[in-house]
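**Q**
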Amino acid sequence: MGGPMSANDDADYIRRELRLISEFVEAGKPVLGICLGSQLIAKAAGARVYRNAVKEIGWAHLHWTEAGRRDPLFTGLHQPENVFHWHGETFDLPAGADWLAYSDSCRHQAFRLGNVYGLQFHLEVTPAMIKDWLGQEVNRPDVSDLAAPVDPDLDALRLCEIAETVFGRWTKLLESASRSGTPAA
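This is the structure we're talking about:
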């Protein structure tokens with residue numbers, strides 16, 4: 317899902333993860349990467365991972381591209397959606413990938429490469445997780461405005477609805493791929 321490490325780190329476990337992702341991509345197996353996971357997928361598929369112009373931490377609008385609005389995981393979601401972000405790096409799109417979403421601070425927020433999805437933003441977070449992640453960071457002047465949603469209860473509720481929709485659709489994609497033995501997206 318994520319963490320303080322980088323897809324560019326020279327560590328054995330990162331290299332092993334990149335090899336495994338490459339094998340899954342080449343085999344057409346479904347993969348869903350969130351935050352660091354999306355960066356690892358991008359790198360494993362030959363794209364560049366690099367420092368974003370700004371650290372994107374907190375709530376921000378996510379905008380769907382035309383491909384994103386038509387995508388089986390995201391079709392019917394609001395334009396824009398307010399989602400939670402926590403990353404300092406971004407990536408170029410892998411060759412052949414569909415660009416699905418962007419934010420004002422980060423051009424590549426989501427992509428699809430066959431059955432492989434990379435999401436830079438966090439749908440899996442709960443209010444308790446956000447509070448834990450922010451810890452003392454929420455008092456920093458460069459984070460506090462981003463970290464505070466306009467309406468914490470409504471934003472958290474909507475994020476839960478989005479997560480339920482997207483992860484439910486992802487599960488159906490996995491089930492379809494498993495039954496047919498062929499790519500489902």
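All letters in the sequence shown, in the order written, are residues 317 to 501 by the numbering used here. Note that CB positions come from ideal geometry on N, CA and C, so glycine has one too.
Have a look at Leu334, Ala376 and Lys345 and flag the residue whose alpha-carbon is nearest the alpha-carbon of Ser494.
**A** Of the listed residues, the one whose Cα sits closest to Ser494 is Lys345.
**Q** Note the first and the last residue of the continuous alpha helix (DSSP H) segment covering Glu339.
**A** Looking at the DSSP string, the run of the alpha helix (DSSP H) that includes Glu339 is Asp328 to Ala343.
**Q** With H, G and I counted as helix, E and B as strand and the rest as coil, what does DSSP make of Arg367?
**A** Of the three classes helix, strand and coil, the one that applies to Arg367 here is strand, per DSSP.
**Q** Quick check: Val341 and Val432, are their CB atoms within less than 8 Å of each other?
**A** Closer than 8 Å, so yes.
**Q** Quick one: which unbroken beta strand (DSSP E) runs of 3-plus residues sit fully inside the segment 393 to 436? Chain order, please.
**A** Qualifying beta strand (DSSP E) stretches, in chain order: 397 to 407, 414 to 418, 426 to 429 and 432 to 435.
**Q** Taking the C-alpha atoms as reference points, what is the distance between Ala426 and Phe437?
**A** Approximately 8 Å, taken between the alpha carbons.
**Q** Using the Cβ count rule (16 or more neighbours within 10 Å means buried), how would you classify Lys488?
**A** Exposed: under 16 other Cβ atoms inside 10 Å.
**Q** Apart from the five residues just before and just after Leu475, which ones in its own chain have a Cβ nearer than 8 Å to its Cβ?
**A** Answer for Leu475: Asn398, Val399, Phe400, Leu439 and Val441, listed in chain order.
**Q** Would you decide whether Thr391 is buried or exposed? Buried here means 16 or more other CB atoms lie within 10 Å of its CB.
**A** With fewer than 16 Cβ atoms within 10 Å of its Cβ, Thr391 is classed as exposed.
**Q** Which of the three DSSP states, helix, strand or coil, is assigned to Val441?
**A** Val441 falls in the coil class under three-state DSSP.
**Q** Using the Cβ count rule (16 or more neighbours within 10 Å means buried), how would you classify Met482?
**A** In the sequence as displayed, the identity of residue 482 is Val instead of Met. Looking at its Cβ environment, which holds 16 or more other Cβ atoms inside 10 Å, Val482 is buried.
**Q** Are the beta-carbon atoms belonging to His379 and Ala417 less than 8 Å from one another?
**A** Yes, these two residues count as a Cβ contact at 8 Å.
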